[in-house]
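Inspection log for the structure reproduced underneath, given as structure tokens.
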Amino acid sequence: MSRLLRASAVMAAGTMVSRVTGFVRTMVLAAAIGTATMGDAYNAAYAIPYSILDLLLLGVLSSVVVPMIVKAQQHDPDGGRAYEQRLMTLATVALAIVAVLAVLAAPVLIDLYTTNWNADSHKFQVAVRLAQFILPQLAFFGIGAVAGAILNTRDRFAAPMWAPVLNNIVVIGVLMVFLLTTPASSRTDVDQISNGDLALIGLGTTAGIVAQAIILIVALKRVGFSFMPRFDVRNARLGEIGKAGAWTIGYTVITQLGFMLTTNLSSAAGDAVPGHGISPYTYAFQLFQLPYGVIGVSVITAMLPRMSRAVGELRYDDVRAEFGSSVRLISSVMVPVSLMIMVLGPAITVPIYAHGATPTADAVYIGNVLQVYGLALVPFAIFQLLLRVFYSFGDTRTPVFVGAGTVAVNAVLMLAFNAVLSPEYAVMGLALAYAISYAVGALGAWILASRRVQGLGGWQIGAAMTRMYMAALPTAVLALGSVWLVQQMFGGLNFVNSLIILAVGGGVGGLVYLAVAHRMRIPEVSSIVGMVAGRVGR
């Protein structure tokens, strides 16, 4: 537990700064272009490279490449150095080709991810132009991802978590220049924005990823990795990667089909009710991902290499222990945060987004979507942990079937909610479908993973999580009371009222949870409190 906590703390610190600067970036973006036509065009274009990366690299990276690098480090005479160089060479060449093809196919990609955007409309053309400026980042993001994977297998977690901070700082600078130099009417209206302004925000977005990749390459060199292009792909074990990776790519294809349906439904909602489309979905989802990104990703990144080693040495008791520790550690944070998000959603989003081109009403709607996403936080995090159990065994097939079932449930629910809800509530329906589907998917994955390792300690984990929910109830009540009291005393939500609600419901409420959980002797919370107290004492 202590090793996992220390490694996770290093990464969580970097990820926290990354997410905070990411919030600033999103705040500036929302203030600059709003949540209507220009906002939807940018967010549609911005979503595409990450979808392609999920499809081609990132899923394979976590499920196949990390275990393969660990295996090479354990068994190759040179400690896996040549193997790492082959992977870097292969990723660089392959992703450069993919980036070029994606830029050429930008009109087709935008058409796939949106609904009812006429090819002759300015909205479609602006989205295409932005995609052409943003898609070249594919190559640099992929190179950085491989570099980060190599660093993680060497237990160097700081750089991959801190590099995105530089990315955010670069993009914030670009957006500030755009905000200050472009008239408000041109910034928010796809009919008036110039190609030069599109180039500024599009290429500026790509420049941030380039800076991030450079930082990771420098970090690799500092741990003794010297890149030498190697084209002897016969020794890259592509057959083994392909055999395992084919299933992972199948999983990502399925999830991206679900995401494509989401963007199509949300884009249609945005056409019907401006400000209720892709942009509120994107901004709410980014906030929803924050707790998982800070805690969940940090724990998983530290857990997967150790779990892979334990599987390789047939230490299944250690696999169960690693999984149980990870679930309890993540849940100790996710449980109270999920309840606070469900209560405080609009109070969170108004201070962040209600600036410039984004009116308070649109920021409140983003908060409403976020409230629904709060239901998904715990099941989503556990679902991701369960997939890593299969990946540590080199099993990439089972997650495909689990993912297919989850996406199928999500798709059916999205279509059903979209049919019965009016467009102004459509994106909230998408969030509800997401929450239900991941709860179902987590249950199915748990049953299958438990069979694989002869039990996951479900009763112990369930008992621990029950105590966490009991400890978090006073915090939820305090948060709910703060929302009611402030609105009764000062009226509707605005910047100041929201900050008061967050200070009481979030700040004081968080301290209440820590105190109650510490008194209830929940070990994970006690460990976090002890670590913080020790650092403050020093």
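Under my numbering, residue 1570 is the last one in the sequence shown; the count climbs by one each step, no gaps.
Heads up, the beta-carbon is just placed ideally off N, CA and C, and yes, glycines get one too.
- [ ] Identify, in the order they occur along the chain, each residue of the same chain with its Cβ nearer than 6 angstroms to the Cβ of residue 1298, setting aside the five sequence neighbours on each side.
- [x] 1309, 1310, 1313, 1459
Open item on the list: Do residue 1162 and residue 1082 count as a contact pair if the criterion is CB distance below 8 angstroms?
Closed with: no
Task: Identity of the residue in 1069, 1211, 1186 nearest residue 1102 by Cα - done: 1186
- [ ] Determine the contact status of residue 1408 and residue 1291, defining contact as a CB-CB distance below 8 angstroms.
- [x] no
Open item on the list: The alpha helix (DSSP H) that contains residue 1470, what's its start and end?
Closed with: 1458 to 1484
Task: Which listed residue (1360, 1339, 1362) has its alpha carbon closest to that of residue 1351 - done: 1339
- [ ] Take every Cβ of the region 1397 to 1406, pair it with every Cβ of the region 1419 to 1433, and state whether three or more of those distances are shorter than 8 angstroms.
- [x] no
TODO: Would you kindly work out how many angstroms separate the C-alpha atoms of residue 1386 and residue 1229, rounded to a whole number?
DONE: 23 angstroms
- [ ] Give the straight-line distance between the Cα atoms of residue 1171 and residue 1109, rounded to the nearest whole angstrom.
- [x] 30 angstroms
Task: Proximity of residue 1147 and residue 1316 at Cβ, strictly below 8 angstroms - done: no
Open item on the list: Using the three-state DSSP reduction, which class does residue 1430 fall into: helix, strand or coil?
Closed with: helix
Task: Own chain residues within Cβ distance below 8 angstroms of residue 1567, not counting five before or after - done: In this predicted model, residue 1567 has a pLDDT of only 43, less than 50, meaning its place in the structure is not dependable enough to derive any value.
Open item on the list: Is the beta carbon of residue 1130 closer than 8 angstroms to that of residue 1166?
Closed with: no
Open item on the list: Helix, strand or coil, according to DSSP, for residue 1121 in the structure here?
Closed with: helix
TODO: From the DSSP output, in three-state form, read off residue 1581 for me.
DONE: The structure shown does not extend to residue 1581, since the chain spans only 1033 to 1570, so no value can be given for it.
Open item on the list: If you reduce the DSSP assignment to three classes, tell me which class residue 1368 lands in.
Closed with: helix
Open item on the list: Taking a contact to mean a Cβ-Cβ separation below 8 angstroms, would you say residue 1057 touches residue 1203 in this structure?
Closed with: yes
Task: First through last residue of the alpha helix (DSSP H) which encompasses residue 1154 - done: 1154 to 1166
Open item on the list: Going by DSSP in three states, residue 980 sits in which element: helix, strand or coil?
Closed with: A question about residue 980 goes unanswered here, because the residues of the chain that appear run from 1033 up to 1570.
Open item on the list: Cutting at 6 angstroms between CB atoms, please list the residues of its own chain near residue 1485, excluding the five before and the five after it.
Closed with: 1348, 1351, 1352
TODO: If I'm right that residue 1557 touches residue 1537 with Cβ under 8 angstroms, what's the distance once you round it to whole angstroms?
DONE: So it is not a contact: roughly 19 angstroms between Cβ atoms.
- [ ] Return the chain-ordered list of same chain residues with a C-beta closer than 7 angstroms to the C-beta of residue 1436, the five sequence neighbours on each side being excluded.
- [x] 1286
Open item on the list: Measuring alpha carbon to alpha carbon, tell me which residue in 1487, 1464, 1552 is nearest residue 1294.
Closed with: 1464
- [ ] Check whether the region 1482 to 1497 touches the region 1526 to 1536, taking contact to mean three or more Cβ pairs, one atom from each stretch, closer than 8 angstroms.
- [x] no
- [ ] Alpha carbon to alpha carbon, how far is residue 1554 from residue 1548? Give it in angstroms, no decimals.
- [x] 9 angstroms
Open item on the list: Comparing C-alpha positions only, which one of 1379, 1195, 1369 sits nearest to residue 1244?
Closed with: 1195
Task: residue 1186, DSSP secondary structure in three states - done: coil
TODO: For residue 1390, I'd like the list of residues in its chain whose CB is within less than 6 angstroms of its CB, leaving aside the five on either flank, ordered along the chain.
DONE: 1062, 1066, 1067
Task: CA-to-CA distance, residue 1367 to residue 1466, given in whole angstroms - done: 18 angstroms
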